[in-house]
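Asks: Numbering (the numbering used here), first residue to last: 31 to 138. The beta-carbon is built from N, C-alpha and C at its ideal position, and this holds for glycine as well. Values in this document were obtained by computation on a predicted structure and should not be read as measured data.
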Amino acid sequence: MRKILLIGLLITGFATTYASSTFVADNTLEQTQGRRYKRGYYKGNVASEDLPSSITRYLKKHYSDYEIVISKRKGNGYYYLKIAYGGNAYRSYYRSLVFDENGDVVKG
């Protein structure tokens, strides 16, 4: 009886593990693409090299020694960035910036 119960538990465990791993694999999106939102924009994390050139030009002009900490695109098409720049030997300064879908500054 114990052997049958143990075999049943093992089969159930394997089936559950397979089902959850299949679900994760099927529902994982590429980081650069993100999910499509109502208005047709993709949202999710954005690699720094995939940002519009107007955003990178703005960052180079106003924050010459910047480092992008977080860059995301929301469902409304806006880009949300958190950058580290300047500072002293002990810490950097941080700033949150928002750009619209064309790369124009909304909040800076």
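1) Who are the Cβ neighbours of residue 62 in its own chain at under 6 Å, not counting the five residues just before and after it?
2) Could you tell me the alpha carbon to alpha carbon distance between residue 93 and residue 137, rounded to whole angstroms?
3) How many whole angstroms separate the CB atoms of residue 74 and residue 121, which I take to be in contact at a CB cut-off of 8 Å?
4) Give the C-beta separation of residue 114 and residue 99 to the nearest angstrom, bearing in mind that I take them to be a contact with Cβ-Cβ under 8 Å.
5) For a test of the three-state rule: what should DSSP assign to residue 38, helix, strand or coil?
Replies: In terms of the structure at hand:
1) Model confidence at residue 62 stands at a pLDDT of 44, short of 50, so the residue's coordinates are unreliable and nothing is read from them.
2) 15 Å
3) Actually they do not touch by this definition, with Cβ atoms about 29 Å apart.
4) 5 Å
5) helix
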